[in-house]
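All remarks here apply to the structure that follows.
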Amino acid sequence: MSSHAQSVPQEPLSQEPTQPVSRQWLAWLTVVVLVYLLLAAVGSIGGGFKAAAGDNAKELFAFATNPFVGLMIGLVATALIQSSSTVTSIIVGLVAGGLPVQIAIPLIMGANIGTSLTSTIVSLGHVRNGEEFRRAFSAATVHDAFNILAVLLLLPIELLFHPLQISSEMVAGLLVSDASLDMGSVNIMKTILTPATDLLKFLVSWLPGSVWQGVALILIGVGMILFVVSAIGRVLRKVMVGRAKDIMHASVGRGPLSGMASGTIITVLVQSSSTTTSLIVPLAGTGVFSMRQVYPFTLGSNIGTCVTALLAATAIVGDNAVLALQIALVHLFFNLLGIVLIYGLPFLRQVPPRIAEWLATLAQRNKLYVAGYIGGVFFALPLVLIGASQL
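Residues 1 to 391 in this note's numbering are what the sequence shown lists, from first letter to last.
Put into structure tokens, the structure is as follows:
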């Protein structure tokens with residue numbers, strides 16, 4: 001009787017360690033498959049864009065030659081999709097298909113503003129508690145304020161002097177040429193992606209003409225990116241979120257550099273700045289971290305979210321490989337330069353927190369300010385500006 005009683009707990013003890021390990025391996029295998037699908041999707045957009053537009057790619061984007069229209073399109077698209085990783089991956093694919101880099105740069109900047117909507121939405125979870133909501137809303141909107149200020153400062157500089165375009169072109173040229181020297185004529189990425197590329201082309205081969213086939217490839221690519229970025233975020237959250245929280249608690253409160261580093265690391269691990277801000281804003285709302293501690297952490301998430309576009313750029317082969325890598329580097333350099341300029345200069349460093357505190361005070365006073373802020377900044381104002389510029 002007693003021996004039988006003792007044998008019951010022994011069975012789960014021997015099985016328990018193997019189950020989490022097998023699940024973790026399955027999760028990482030899923031991540032590998034999803035990354036492959038992401039690369040194939042970006043390649044599909046580039047190939048589809050070339051097939052549909054032919055030599056007329058520039059004319060197709062004539063409406064976006066105004067940089068402010070491009071900025072607003074990037075903002076609204078990211079706010080609607082709720083993923084800057086998705087939008088920047090699509091932009092990489094479009095550049096590979098012929099979209100000029102100078103038109104894509106404002107799109108990238110707009111995506112950077114649009115992604116900060118997520119943290120603002122997360123803060124609404126504290127709306128029933130006035131003081132908690134004020135803390136959460138200020139921690140969320142400091143991200144918005146920083147990204148908007150970065151665009152206000154860097155877009156005019158870019159239009160006048162093109163520092164992002166020039167520096168990214170130089171670095172992309174060095175990286176691509178170095179890779180070709182090392183690898184010779186063997187294109188490993190093309191070899192890996194060929195089965196997926198051939199399958200996608202076969203799936204649309206029944207459509208009449210290259211234009212319709214190209215459009216279908218673009219739609220398939222966009223759909224795959226939407227699915228993959230969402231799925232990879234869910235899988236990585238299951239695998240990494242516990243470790244991410246440990247990193248956060250250990251490092252966020254230890255100073256700005258530590259906060260930025262942890263924000264970058266966690267965003268790279270979970271492949272989503274939306275996830276990162278979703279983790280930190282509730283902690284700010286409950287008073288675990290102050291808005292001033294959250295501020296550098298969100299800047300780190302801006303850097304970490306650039307990894308997806310850089311990864312997507314590796315899917316592009318041929319003459320436009322340099323351009324695809326260039327626009328992905330523009331995203332990274334824009335965020336780095338924004339941090340150096342705004343956080344590095346003491347008189348600018350305090351601007352986003354002050355704006356965030358002012359907005360949080362208004363939001364605590366009247367919730368209509370919240371609706372007006374979200375609807376106005378992320379949707380109504382951009383759409384009005386797009387319409388006005390077309391007129």
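For each residue, glycine too, the CB sits at the ideal point set by N, CA and C.
- Starting from the C-beta of D144, find all residues in its chain whose C-beta is less than 6 angstroms away, skip the five residues before and the five after it, and write them out in chain order. S116
- Item | Option in G214, V340, V122, I166 with minimal Cα separation from P256 | V340
- Can you give the beta carbon distance from S89 to A321, rounded, assuming they're within the 8 angstroms contact cut? Not really, about 15 angstroms apart at Cβ, beyond 8 angstroms.
- Query: Which residue comes first and which comes last in the alpha helix (DSSP H) that contains V127?
  - Reply: Premise fails: V127 is in no alpha helix (DSSP H) and is neither H nor E.
- Using 10 angstroms around the beta-carbon of A250, count the other beta-carbons present and answer buried if the total reaches 16, otherwise exposed. exposed
- Close beta carbons around A104, own chain, < 6 angstroms, minus the five adjacent residues each side: I91, V95, I327
- Message: Please state the DSSP three-state secondary structure of T194.
- Response: helix
- Could you spell out where the alpha helix (DSSP H) holding V340 opens and where it closes? Here V340 belongs to no alpha helix (DSSP H), and DSSP marks it neither H nor E.
- Query: How should E158 be labelled, buried or exposed, when 16 other C-beta atoms within 10 angstroms of its C-beta is the threshold for buried?
  - Reply: buried
- Pair every Cβ in the region 210-228 with every Cβ in the region 40-53, then say whether three or more of these pairs are closer than 8 angstroms. yes
- Item | Nonlocal neighbours in the same chain, by C-beta distance under 6 angstroms from A139, ignoring five residues either side | V281, A284, M291, V294
- Query: Considering only residues of the same chain and omitting the five flanking positions on each side of L38, which have a CB-CB separation below 6 angstroms?
  - Reply: V228
- Taking DSSP as the reference, what is the three-state secondary structure of G97? coil
- Item | Environment of L71 [buried if 16+ CB atoms lie within 10 Å] | buried
- Report the three-state DSSP secondary structure of P296 (helix, strand or coil). helix
- First and last residue of the uninterrupted alpha helix (DSSP H) at Q350: Note, Q350: premise wrong, no alpha helix (DSSP H); not H, not E.
- Out of curiosity, what's the CA-to-CA distance linking N335 and P208? 43 angstroms
- Task: Compute the Euclidean distance between the alpha carbons of F379 and L368, then round it to the nearest angstrom.
- Result: 16 angstroms
- Message: In whole angstroms, give me the CA-to-CA distance for T120 and F137.
- Response: 6 angstroms
- Item | Rounded separation between L329 and L311 - CA only | 11 angstroms
- Message: L359 and T141 - do their beta-carbons sit closer together than 8 angstroms?
- Response: yes
- Determine the direct distance from the alpha carbon of I232 to that of W25, and round the result to whole angstroms. 14 angstroms
- Message: Can you list, in chain order, the residues of its chain with a C-beta nearer than 7 angstroms to that of V176? Leave out the 5 residues immediately preceding and following it.
- Response: A321, V322, L325
- Which term fits G259, buried or exposed, when burial requires 16 or more other beta carbons within 10 angstroms of its beta carbon? buried
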